[in-house]
Every structure is written in C-alpha cells, then in structure tokens.
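Engineer: Listed in order, the protein sequences are those of chains A and B.
Position one of the first sequence corresponds to residue 112 (the working numbering), numbered consecutively onward.
Position one of the second sequence corresponds to residue 40 (the working numbering), numbered consecutively onward.
Dumping the structure here so I can ask a few things about it.
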Amino acid sequence: MPQLNSVYRHRAADRVLTTVDTYRLSGGYLALEKALGEMTADELLYVFHRSGLRGRGGAGFPMGRKASFLPKDAQLAKYLVCNADESEPGTFKDREIMELNPHQLIEGMVLAGYAIGAERGYIYIRGEYEYQAQILDAAIEAARESGYLGSDIAGSKVDFDLTLYRGAGAYICGEETGLLESLEGKRGQPRLKPPFPAVKGLWASPTLLNNVETLAALPPIVENGPDWYAGMGTEKSPGTKVFSISGHVTKPGNYEVVLGDTTLRELIFDMAGGLREGRSFKACWVGGSSVPVLAEQHLDTPLDYESLQEAGTFLGSGGCIVMDDSGCIVRASLRLASFYRHESCGKCTPCREGTGWMENVLQRMVDGEGRMEDFELMEALFGRIGGKCLCALADGAVAPISSAIRLFRKDFVRVVSEGSPLPQPMSPQLEMSGGRANA
Amino acid sequence: MTAEEIRAHLDPIRDQFAEERSLVLPALKFAQGEKGHLTGDDVTEVAAATNLTPAYVESIASFYDRIYLDPVGKRVVSVCVSLSCMLNGSDELLEHLCSREGVSHEGGTSADGEITVQEAQCLGACDRAPCLQVDAEETMGPVTLSEADAVADRLRAEPQPRPVLR
Chain A
112 MPQLNSVYRH RAADRVLTTV DTYRLSGGYL ALEKALGEMT ADELLYVFHR
162 SGLRGRGGAG FPMGRKASFL PKDAQLAKYL VCNADESEPG TFKDREIMEL
212 NPHQLIEGMV LAGYAIGAER GYIYIRGEYE YQAQILDAAI EAARESGYLG
262 SDIAGSKVDF DLTLYRGAGA YICGEETGLL ESLEGKRGQP RLKPPFPAVK
312 GLWASPTLLN NVETLAALPP IVENGPDWYA GMGTEKSPGT KVFSISGHVT
362 KPGNYEVVLG DTTLRELIFD MAGGLREGRS FKACWVGGSS VPVLAEQHLD
412 TPLDYESLQE AGTFLGSGGC IVMDDSGCIV RASLRLASFY RHESCGKCTP
462 CREGTGWMEN VLQRMVDGEG RMEDFELMEA LFGRIGGKCL CALADGAVAP
512 ISSAIRLFRK DFVRVVSEGS PLPQPMSPQL EMSGGRANA
Chain B
40 MTAEEIRAHL DPIRDQFAEE RSLVLPALKF AQGEKGHLTG DDVTEVAAAT
90 NLTPAYVESI ASFYDRIYLD PVGKRVVSVC VSLSCMLNGS DELLEHLCSR
140 EGVSHEGGTS ADGEITVQEA QCLGACDRAP CLQVDAEETM GPVTLSEADA
190 VADRLRAEPQ PRPVLR
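And the structure:
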C-alpha cells in the first residue's frame, strides 16, 4: 500500500511555504543551524552518503558519493550548482518545490555547499520558469536578510551565497556539462567526459551538480538522521521520490511515494485517479520521455530504481506520462522524435542527423507512406545513434522509440501495411471543459 | 539599448562570476526586455558591454529558443506541443490559435503585429495540459479553445508589459 511521507515540508504541512517564517514554522532551517553549528563538513558528507539518497534528476547516481569525488586538497574554489532546468517532457516536480517551498532548496544548498567547502552556489533555472525564478529571487533575498545566506551564516563563521541564473530555452542545458557551458556564457553544448565536473566543472573548478529535488531532500535527512531516510524504501532505492504524472489520467499532478512501496498500477489508478470512463491502459513512459515505454504487462512493477530496470525501463526523472487506448503509439513516438530532433544541440553528428532521420521515418509512417523496410532502417539508425555521442540525449531519443517498436510492433506494422493516415488523437481535456473540437 | 545601460544592469552582479563571459546571457535577456527582440545594434551593444565580439554574442543568442533575433509580436503565445499536452489536445489548441490569428499552422505573427503564436517544447505544466505560456508569464492550463480566444482578446486589450520578459 502507498505510504504517506514527509520529505518535502510543503507536502507535510499541506501549505505554501514561500516565506522564511512559514518555512521555519514547519521546522525549516533547524537542520542548517544544527549542521553548521555542531557538525564538521566531513560528518555532514557522511550523513549524505549514509542516507543513500540518489540523484533525482534522472541518472540516479548516489548523491553522497558524487559529493565525495570532489578533491579535498584542491587549490581552486569549489562550486555547488543546482540543476533547475527541468525540461524533461512530463516532469514538473522541481517546479512545485521552487514554487511552494523555495527555502527547502536554499537550505539544502547551504548544507551541500558547507559539506563540500564551496562558498558560492548557482541555481540554473530554465527561462520558461520566470515565474518560479521570481519566487526564488525573493526567497534568496529573504534568506540573506535572515542570515541564512551570506557571510557567517547563523553565527557559524561559514560563508555561502547563491546566484540565480536564468536560462533561455534549451533542453540540452539540463545536461550537466551543457548547463556548465551555458553558465560560463557559452553555447550549451555538452563536454567530453572525463574529466567529470567533480574534478573540472564550472570554470575548471571542482563542482558538485545536483537536481532541485535531491538538494531539497537534504534538510530533513540532516534533521532526522540518515538512517531515517535510508529506512524508507528499498536497499538500493532509499527514501521517497516525487512522481509527476500526466497524460490520460483524471488527477494529474505530483505524488510523493516511498520507493519500492507503490506499484505503477497504484500510482496511475489509485493516486492519479485512473483513466477516463470506458478507456483502457495502453502505454506509459514512467521516467520522463527519455526512457523505454512500458505496456500493460508492466503495471505491477514496484516504483524503484531496480524493479523498473528489471522491467526494461528507468525511473529517470519520475515524469510519468500515461496514454490510454484513444492515443496512438506511432503518433506518440513521432512526437517524441520531433522533440529530440528539435533539442539536439548539433555537436555530435549521430544525434544531430539521427534524430532527424527518426523523425522523418516516423512522419512518413503517420502520413501513410511507411514501408516495411523502414523497420530495418530504424533498427540500423538506433545502432548508429545510441552510445555514440557525448551526452545522454541521443540515448534518450532512441530509448522510447526503439522500445515502442518492440513492444507495440503490431500497431506499427498495421499502420505501415494499411498505408492510411491515423486519425488525430482525441482531446479529452478540450471536450471535458466544453471547448469545441476542430473538424 | 546602449552598452552603458547594459553595463549598469550588469555591474551589481558582476562579482558573482569568476569570468565576465557568464554575463552574456543576463545581458541578452536584459537588452531583449526593451523591445521583446534584439536588433543587430543590440547585439553589438551587448558585445561592447561584455567585452566580447558581436559574432560571439550572436552565436550565443542564436542557441536559445527564447532569445529572438527577429521581430516578433507584442506578445508571444507559446503553445506546448510535447507528449502530455498532445494527448490532451494541444494540436487542436495550436491549430485554433494559428487560424484565429491568421498565421501558418506552424505559428507566426498576426498581421496587426500584436500576437506571435509559436510551438513550445514541454513547459513543465503537464498537470495542466494542454497548456500555454504568454511571454514568460506563469504557464496556464488546461486551456480550452474559448479560453484561448479570451487570452488573445485580453492580450490585444492590454498594454505590453515593461520590461518584456520572454
């Protein structure tokens, strides 16, 4: 059964916590005072490590381990960078934290900054989130006025300050090295790794990069102890995760679940209200759009890193897009292909050219001009794109499409062999809210 | 926008970055706030204010969807067409707005120069699908076709906000 949880304070308090006072009333900034007053940086780092917290941006790398990769004896300044470029289709969990609970992110950043010995942190927020950026601006200013940012934080002699940096519309800037390039005033094109950002990141200095949800999890971990956090979930997937669920469900939104405790079926049918009357489940992209698609036989998979991997997909960012039987898998795959073609930064040829090829082939299938040879062509394309580029965008582009052709081959074959265009997908939302459908 | 004005905007944040180059994106966004897009002269002024070459500044400006190097309407309406929104009717919403504004189905600027309609990739409001965003205001949704009409009417009636945030 799904458990309730309370890692994100606005959820536990069920209210908006945008001011320092409301955040403090919900227990905010106690962890900061405790850590900076009583703990050494190494002790704090150990707490992160022991909690087992994994990066919530998509890759799921253990946060404490990543933080420990920063060289201790570096002469250069160290930096903390928060990835708030949330652009993965289907994902809107970071938006909620920044909108309703910005101080938990700020407090988490002070903790992480202290642990790695950074005196400055950056929050890189996507340009489309200007509304959220203004909330963060105000929260940063208020935190500074209350002595939680700046020099000698809470009388601890620790200095740490934050800069909010606004992007301007580019999915690739959510890739960690693309983000660093953009923050350095360059085109947001990913770097060759290694060196990893922990060694050579922002301005070639040791840099820790974490997602909003990851950093915001730190204050409760410090406050309640790492064993409290590690005690939730499974051994490999400790803690809670916010799933953003959207598409064909009646109650789309963000739902925080204890990992391993809830199945995909429970998330979709119990928490998110299930499908519309008379509809049946068709497909679901559980970790954002860059993961292999799942079908009905996967519905009883528990939501945790290892179970989802066993089912052939990834937990990713937790942006779960659900499609019922009114949707068309070929059209959906085409839409994803178009997204990656648009967002490919153009640096690596296999991705720049390959995403366009995938889009073209899927487009001709949808246009009723597909050929049976296209299946072979697509397979060849997947092999020429995947694993051949600097960053994960290309693999993310291949995953949902190759898996869709594998799982729903019959649908693709039908579309190609019948050679007729598919009907437009239905627009439940427009119908439900009284809009008129276009002929 | 003059280099002087841009410099004055950058001065308070200058010491937050180890290298001056980081100021290019804040400078572009600030300069764009004047007219809603950047002219060739604006690019030159941004270059002067950040000690970079105009060619370099343009290479940065052209990388981002939300930096406009060509004139657009007084208000820009971005309709999200990513998967969650598509499953909830974003294609009809986009088509409706485009035909209402008399622009091609891929988007464009209305003849009176008031409104640009464009496709957007995931705006991060999939729980409100289908959604749209006016300039860089809070994303709204779910938007019905009649609500989209009301938004366009409102934008025509309202003065353009200053600065323009896109």
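Where a beta carbon is used, it is the ideal one built from N, C-alpha and C, also for glycine.
1. Assuming contact is defined by CB atoms lying nearer than 8 Å, are B/T178 and B/A164 in contact in what I supplied?
2. Give me whichever residues DSSP pairs with A/N335 in a beta bridge.
3. Taking 8 Å as the CB-CB cut-off, is A/F380 touching chain B?
4. What in chain A is Cβ-close to B/C165, meaning under 9 Å?
5. Starting from A/I264, follow the alpha helix (DSSP H) in both directions and report where the run begins and ends.
6. Cβ closer than 8 Å: which chain A residues qualify as neighbours of B/L64?
7. A/E324 to A/D205, Cα distance in whole Å?
8. Name the one or two DSSP bridge partners that A/S562 has.
9. Considering just the uninterrupted stretch of the alpha helix (DSSP H) at A/C462, what are its terminal residues?
10. Among residues of its own chain, excluding the 5 on either side of B/A100, which ones have a beta-carbon nearer than 7 Å to its beta-carbon?
11. A/S76 touches chain B at which residues, Cβ-Cβ below 7 Å?
12. From what residue to what residue does the beta strand (DSSP E) around B/G207 run?
13. Going by beta-carbon coordinates alone, are A/G384 and A/K362 separated by less than 8 Å?
14. State yes or no: is the beta carbon of B/I45 nearer than 8 Å to at least one beta carbon in chain D?
15. Is A/V221 closer than 8 Å to A/Y259 when the C-beta atoms are compared?
16. For A/L57, which three-state DSSP category applies?
17. Do you know how far the Cα of A/Q186 is from the Cα of A/R237?
18. Tell me where the alpha helix (DSSP H) around A/T133 begins and ends.
19. Quick one: using the 10 Å Cβ neighbour count with 16 as the cut-off for buried, is A/K458 buried or exposed?
20. Since B/V115 contacts B/R205 with CB under 8 Å, what's their CB separation in whole angstroms?
21. With respect to the beta strand (DSSP E) encompassing B/V156, which residues constitute its N-terminal and C-terminal limits?
22. Nearest chain A C-beta to B/C161 closer than 8 Å, yes or no?
23. Is the shortest distance between the beta-carbon of A/E239 and the beta-carbons of chain B less than 8 Å?
24. For A/D415, which residues of its own chain have a beta-carbon under 6 Å away from its beta-carbon, when the five flanking residues on both sides are left out?
25. Would you report the Cα separation of A/R231 and A/G224, rounded to the nearest angstrom?
26. Does the distance from the C-beta atom of B/A159 to that of B/V118 stay below 8 Å?
27. Could you tell me the alpha carbon to alpha carbon distance between A/G138 and A/Y119, rounded to whole angstroms?
28. Please state if the CB of B/A87 and the CB of B/A42 are separated by a distance shorter than 8 Å.
29. Tell me whether A/S531 sits in a helix, a strand or coil according to DSSP, three-state version.
30. By the criterion of Cβ-Cβ separation under 8 Å, what are the contact partners of B/I154 in chain A?
31. Do you know whose CA, among A/L426, A/D435, A/S428 and A/G429, lies nearest A/A406's CA?
32. DSSP beta-bridge partners for A/F392?
33. Can you tell me which of A/G163, A/S257 and A/A281 puts its alpha carbon nearest to the alpha carbon of A/E450?
34. Counting only beta-carbon separations shorter than 8 Å, does A/V127 have a partner in chain B?
35. With 8 Å set as the bound, which would you pick, yes or no: does the beta-carbon of B/L108 sit closer than that to a beta-carbon of chain A?
36. What's the C-alpha gap between A/A250 and A/A124?
Structural biologist: Short version:
1. By 1-based counting over the second sequence, the position of residue 178 of chain B is 139. By 1-based counting over the second sequence, the position of residue 164 of chain B is 125. Closer than 8 Å, so yes.
2. Along the first sequence, one-based indexing puts residue 335 of chain A at 224. DSSP lists no beta-bridge partner residue for A/N335.
3. Reading the first sequence from its first residue, position 269 is the one you call residue 380 of chain A. For A/F380, the closest Cβ of chain B is not nearer than 8 Å.
4. Within the second sequence, residue 165 of chain B is the residue found at index 126, counting from 1. From the beta-carbon of B/C165, the residues of chain A found nearer than 9 Å are P200, G201, T202, F203, S355, I356, S357, G358, P363, G430 and I432.
5. What you label residue 264 of chain A is simply residue 153 of the first sequence in a count that begins at 1. Counting along the chain, A/I264 falls outside any alpha helix (DSSP H), and DSSP gives it neither H nor E.
6. Along the second sequence, read from residue 1 onward, the residue named residue 64 of chain B stands at position 25. The contacting residues are Y276, R277, G278, A279, S293 and G296.
7. Position 213 of the first sequence, counted from the first residue, corresponds to residue 324 of chain A. Position 94 of the first sequence, counted from the first residue, corresponds to residue 205 of chain A. Their Cα atoms are separated by approximately 6 Å.
8. Outside the shown range of chain A, which is 112 to 550, sits residue 562 of chain A, and nothing can be said about it.
9. In the first sequence, residue 462 of chain A corresponds to position 351, counting from 1. Where A/C462 is concerned, the enclosing alpha helix (DSSP H) starts and stops at T460 to V477.
10. Within the second sequence, numbered from 1, the residue matching residue 100 of chain B stands at position 61. Cβ within range, chain order: L67, L77, V82, I106 and L108.
11. The displayed coordinates of chain A run from 112 to 550. Any statement about residue 76 of chain A would go beyond what the structure contains.
12. Lying outside 40 to 205, the shown extent of chain B, residue 207 of chain B is not represented and no answer is given.
13. As a working mapping, residue 384 of chain A is identified with position 273 in the first sequence. As a working mapping, residue 362 of chain A is identified with position 251 in the first sequence. With respect to the 8 Å criterion, A/G384 and A/K362 are classified as neighbours on the basis of their beta carbons.
14. Among the protein chains of the structure shown, namely A and B, there is no chain D.
15. Residue numbering aside, residue 259 of chain A sits at position 148 when the first sequence is read from its first letter. Residue numbering aside, residue 221 of chain A sits at position 110 when the first sequence is read from its first letter. A/Y259 places its beta carbon less than 8 Å from that of A/V221.
16. Lying before the first or after the last residue shown, residue 57 of chain A is absent from chain A, which here runs from 112 to 550.
17. Residue 237 of chain A sits at position 126 when you count from the first residue of the first sequence. Residue 186 of chain A sits at position 75 when you count from the first residue of the first sequence. Spanning the two alpha carbons is a distance of roughly 31 Å.
18. In the first sequence, counting from the first residue as 1, residue 133 of chain A sits at position 22. For A/T133, the enclosing alpha helix (DSSP H) stretches over residues V131 to L136.
19. Residue 458 of chain A sits at position 347 when you count from the first residue of the first sequence. By the beta-carbon neighbour count (other beta carbons within 10 angstroms, threshold 16), A/K458 is buried.
20. By one-based count along the second sequence, residue 115 of chain B stands at place 76. By one-based count along the second sequence, residue 205 of chain B stands at place 166. Cβ-Cβ separation between B/V115 and B/R205: approximately 6 Å, consistent with a contact (criterion under 8 Å).
21. Translated into the one-based positions of the second sequence, residue 156 of chain B becomes position 117. Segment I154 to A159, the beta strand (DSSP E) holding B/V156.
22. Residue 161 of chain B sits at position 122 when you count from the first residue of the second sequence. True, the Cβ-Cβ gap to chain A drops below 8 Å.
23. For this step, residue 239 of chain A is matched to residue 128 along the first sequence. Chain B, which has a Cβ nearer than 8 Å to the Cβ of A/E239, makes this yes.
24. As a first step, residue 415 of chain A must be located in the first sequence, where it is residue number 304. Excluding residues within five positions, the ones whose Cβ falls inside 6 Å are T345, S348, L370 and G371.
25. The count along the first sequence starts at 1 and reaches residue 231 of chain A at position 120. The count along the first sequence starts at 1 and reaches residue 224 of chain A at position 113. A/R231 and A/G224: Cα-Cα distance of roughly 7 Å.
26. Indexing the second sequence from 1 puts residue 159 of chain B at position 120. Indexing the second sequence from 1 puts residue 118 of chain B at position 79. Contact flag set, yes.
27. In the first sequence, residue 138 of chain A corresponds to position 27, counting from 1. In the first sequence, residue 119 of chain A corresponds to position 8, counting from 1. Spanning the alpha carbons of A/G138 and A/Y119 requires a straight line of approximately 11 Å.
28. Start at 1 with the first residue of the second sequence, and residue 42 of chain B comes out as number 3. Start at 1 with the first residue of the second sequence, and residue 87 of chain B comes out as number 48. Yes, these two residues count as a Cβ contact at 8 Å.
29. In the first sequence, the residue the question calls residue 531 of chain A occupies position 420. Coil.
30. In the second sequence, residue 154 of chain B corresponds to position 115, counting from 1. The contacting residues do not exist; B/I154 stays about 18 Å from chain A at best.
31. Within the first sequence, residue 406 of chain A is the residue found at index 295, counting from 1. Comparing C-alpha distances from A/A406 to each of A/L426, A/D435, A/S428 and A/G429 shows the shortest one belongs to A/D435.
32. Locating residue 392 of chain A in the first sequence gives position 281, where the first residue counts as 1. Answer is A/D435, bridged to A/F392.
33. Residue numbering aside, residue 450 of chain A sits at position 339 when the first sequence is read from its first letter. First, the residue type needs correcting, since residue 450 of chain A is Phe and not Glu in the sequence shown. Measuring from the Cα of A/F450, the nearest candidate turns out to be A/A281.
34. The residue you call residue 127 of chain A lines up with position 16 of the first sequence. Not one chain B Cβ lies under 8 Å of A/V127.
35. Locating residue 108 of chain B in the second sequence gives position 69, where the first residue counts as 1. No - not a single Cβ of chain A is within 8 Å of the one on B/L108.
36. Within the first sequence, residue 250 of chain A is the residue found at index 139, counting from 1. Within the first sequence, residue 124 of chain A is the residue found at index 13, counting from 1. Answer to the nearest angstrom: the Cα atoms are 18 Å apart.
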